[in-house]
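Here UniProt numbering is used: the first residue of the sequence shown is 1, the next is one more, and so on. Everything on this sheet refers to the single structure shown next.
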Amino acid sequence: MHSYVRPNQFVAFKLPSEATRIQKVVPNTQISLGKYGAFPANQIIGRPFYLTFEIHETPGQADSTYLRIVSAAELHAESLITEGEGDGDDVEVNEDGTPVRSNRETIDDRSTQKLTLEEILALKKESTGAGREIIAKLLESHQALDQKTAFSLAKYKLRKEKKYMKRFTVIPLDVSLLTNYMLEDKDAARTMELRDELIGLIGCWGNVHHGGSTSFDETVTSKPNGRYLVVDDTGGLVVAALAERMGILLLKYFGYEQDSPSDTHPLYTNLKTVSFMQLLDPMADNIYSEEPSVVPEEELATYKASKRSAYHRKRGRWMRVRKVVDEARAGGFDGLIIASLMSPTSILKYTVPLVGGSAPITIYSPTVEPLTEVMDLYSTARKNAYIARKLRVWQVLPGRTHPLMSGRGGAEGYIFHGIRVIPTQEIIEAAGNPGRKRRKVTKETETPTQTQTPTETQTGSGDVEMTS
C-alpha cells in the first residue's frame, strides 16, 4: 500500500529545512521544490518511499537534471554530537593541564564570512553537486572556523546544509501527515485546529472501525462498517480520517471533489452528502422538490445529443438527491460525529433523532464553551470530566524544564462524547431474586421464644420494604 510511488498520486516531500511540501506526481511533468530545484516526476515514479534524493544538474544544459539516492550511511555520517556536551559551566582541562577549546569568547557574526551575497548567488547558479560546492566554499572562507568547538562546528555545518543542500525525502501522504501539515505549515483555522491525537479520539469514541475484508455483495447486505452521520466543517479532513479507519481510502486516495466526483474514487459509492436545508425542510430545496418533466422515448429520440444528455443529467441528479435525502431523513445511523463551527445544541436538536439506540455521539470544538452548554442540556448528574489530551514538546534541561518556546499555541480542542439511550415504553417490575434463601430471625420477649417470619414494614416514603 505504501511500497512505491504511483502515477497521479499525492506524496509529501520532506525538505532539508524540515518543511513539508505536498504535490501530485503527474507523469511527464516537472516537480518544483522552490529554491531546492526541480526534477522530472518520472524519476521518482516506481521508486520506494522514504528514500532521500539529491538533485544534480548541469547549468546551461537542457534535460540534465538527475537524482542520486543518498545512502543511509552517508545520511548519518555527519551526525551531531550528543546534545549536552560542551554545555558545562566549568572549564575542562586536558591531562597536561591545558584548557579544552571553548567557544565562549567566539563572536560569530557576518564579518567572519568573506563571501558576499553576490558571490553566493553566483555559486548557486554554477553549482552542479547538489549544493556541496557552496557549503565547502562557505567553510573555507570562514575566518573564525578554527575557533569553533566540534559541537559548534557541527551545528554551523548542519545549518548551511539545511539552507543550500538540494535534498528531499519522499513520504507517503496519509491523514496523520496531512493533519500536521495543515496545522504547522498551512492555515490551521481551515481544519478547526484539529490535531492528530484528537482525530484518533474522534474515531475511537465514535466507534468507527474497519469491517474486515468482505466482498462487495456482503458489504451491501451486512454493512460491516456501519453508517455514520457526519457534520464536517474541516474541509473534509474528518471524513477522510473516518474513511481511512473504515478501510475505504486505503491511505492513498485524496483530492475527492463532491461537485465533480470521479466514479473510480472509493468515496464515490460510500459518501453521500446532504445540506441542512434538505435535511430539515427538503421541500424548500428546488433540486429536491422540482421534479424534471418526464419526456417520452419517442420525443427524446428527436432531441439533439447535447439536449438529450442534459435531460438525463438533470433527471439523474434529481433521482440521486431524492434518494440520498430520503435515506438520511429515515435515520438509523450507527453514530453521529460533529466538527462544526455552528452551535452544537442547534445541530443535536435535529440529528439526535436520526441516530439509533446505543449509538455514540462525538462532538469536537476548538473551545470548551460550546460543549458546556451541551453538557448542561444532556447531563442531569453534572458529573463531567475534563481530560487534557494535548501533546506538547518539552525542553528538558537542568533547571530549565518547560514547554518548547517555539511550539505553536492555538486552541486546546475539546471532545464531547455520549451514548444515545432510548427509554423503554414497557413497565419495569423489580421482583427481586426469588431463589434466594431468607435468614430466620428470632426475637426474645417475655413470652417463650418463637420464630418470626419476615414481616412487611412501611418505610417513611410509603414504599414497601422487606426486612428479615
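In this text, a Cβ means the ideal position worked out from N, Cα and C, and glycines have one as well.
Is DSSP giving residue i helix, strand or coil here?
| i | result |
| --- | --- |
| ARG400 | coil |
| THR179 | helix |
| ALA310 | helix |
| ALA12 | strand |
| VAL170 | strand |
| PHE49 | coil |
| VAL5 | coil |
| GLY84 | Interpretation of GLY84 is limited by its pLDDT of 42, a score under 50 that renders its predicted location unreliable; the figure taken from the coordinates is listed afterwards. DSSP places GLY84 in coil when its eight states are reduced to three. |
| GLY409 | coil |
| ILE287 | helix |
| ALA38 | strand |
| LYS155 | helix |
| ILE202 | helix |
| GLU57 | coil |
| GLN395 | strand |
| GLY335 | strand |
| VAL321 | helix |
| VAL368 | coil |
| VAL355 | strand |
| ASP185 | coil |
| VAL374 | helix |
| ALA273 | One point to set straight first is that residue 273 is Thr, not Ala, in the sequence displayed. In the structure shown, THR273 sits in coil (DSSP, three-state: anything other than H, G, I, E or B). |
| residue 469 | Residue 469 lies beyond the residue range present for the chain, which begins at 1 and ends at 468; the question has no answer from this structure. |
| GLN425 | coil |
| LYS163 | helix |
To the nearest angstrom, how far is the alpha carbon of residue i from that of residue j?
| i | j | result |
| --- | --- | --- |
| GLY235 | THR191 | 6 Å |
| THR401 | LEU377 | 41 Å |
| ILE55 | ARG21 | 16 Å |
| LEU194 | TRP205 | 16 Å |
| GLY46 | TYR4 | 5 Å |
| VAL175 | PRO366 | 19 Å |
| residue 476 | ILE248 | This structure leaves residue 476 out entirely; the chain is present only between 1 and 468. |
| GLN9 | TYR311 | 35 Å |
| THR345 | GLY200 | 23 Å |
| PHE416 | MET375 | 8 Å |
| PHE276 | VAL368 | 24 Å |
| TYR164 | LEU15 | 11 Å |
| GLU426 | VAL208 | 32 Å |
| LYS304 | THR264 | 29 Å |
| VAL26 | LEU348 | 43 Å |
| THR29 | THR372 | 52 Å |
| GLU412 | PRO370 | 13 Å |
| PHE168 | SER71 | 13 Å |
| LEU198 | MET182 | 14 Å |
| THR269 | ARG317 | 15 Å |
| PRO292 | MET319 | 10 Å |
| ASP196 | TYR228 | 21 Å |
| ILE31 | TYR414 | 39 Å |
| LEU397 | ASP187 | 32 Å |
Under DSSP, the beta strand (DSSP E) around residue i begins and ends at which residues?
| i | result |
| --- | --- |
| PHE416 | 414 to 419 |
| GLN30 | 30 to 32 |
| ILE69 | 66 to 70 |
| ARG21 | 20 to 25 |
How would you label residue i, buried or exposed, when you count the other beta carbons within 10 angstroms and need 16 or more for buried?
| i | result |
| --- | --- |
| GLY410 | exposed |
| ARG6 | exposed |
| LEU300 | exposed |
| THR273 | exposed |
| GLU83 | In this prediction, GLU83 has a pLDDT of 42, which is less than 50 and means its spatial position is unreliable; nothing more can be read from the coordinates. |
| THR179 | buried |
| ILE44 | buried |
| VAL11 | buried |
| ASP87 | Since pLDDT at ASP87 reaches only 44, below the 50 mark, its modelled position is unreliable, and the value read off the structure follows with that caveat. The residue in question, ASP87, is exposed, as its Cβ has fewer than 16 Cβ neighbours within 10 Å. |
| SER64 | exposed |
| LYS166 | buried |
| ILE428 | exposed |
Just reading off the alpha helix (DSSP H) that residue i is part of, what are its end residues?
| i | result |
| --- | --- |
| TYR228 | Segment 228 to 232 is the beta strand (DSSP E) holding TYR228; no alpha helix (DSSP H) there. |
| ALA301 | 297 to 301 |
| THR362 | Note, THR362: premise wrong, no alpha helix (DSSP H); beta strand (DSSP E) at 360 to 365. |
| PRO344 | 344 to 351 |
| ILE279 | It is Leu, not Ile, that sits at residue 279 in the sequence shown. First-last of the alpha helix (DSSP H) with LEU279: 276 to 280. |
| TYR268 | Premise fails: TYR268 is in no alpha helix (DSSP H) and is neither H nor E. |
| ARG195 | No alpha helix (DSSP H) contains ARG195, which DSSP labels as neither H nor E. |
| LEU242 | 237 to 245 |
Can we count residue i as close to the ligand NAD, meaning its CB is less than 6 Å from some heavy atom?
| i | result |
| --- | --- |
| PHE13 | Among the ligands in the structure shown, none appear at all, so the ligand NAD cannot be discussed. |
Inset, instruction - Check whether the stretch 324 to 336 touches the stretch 356 to 364, taking contact to mean three or more Cβ pairs, one atom from each stretch, closer than 8 Å. - result: With the cut-off at 8 Å, the stretch 324 to 336 and the stretch 356 to 364 touch.
Inset, instruction - Indicate whether the contact test is met: 3 or more Cβ pairs, each with one atom in the stretch 337 to 356 and one in the stretch 312 to 324, closer than 8 Å. - result: Cβ pair count under 8 Å is below three, so no.
Legend entry - Three CB pairs or more closer than 8 Å across the stretch 226 to 243 and the stretch 281 to 288: Judged by Cβ distances under 8 Å, the stretch 226 to 243 makes no contact with the stretch 281 to 288, as fewer than three pairs qualify.
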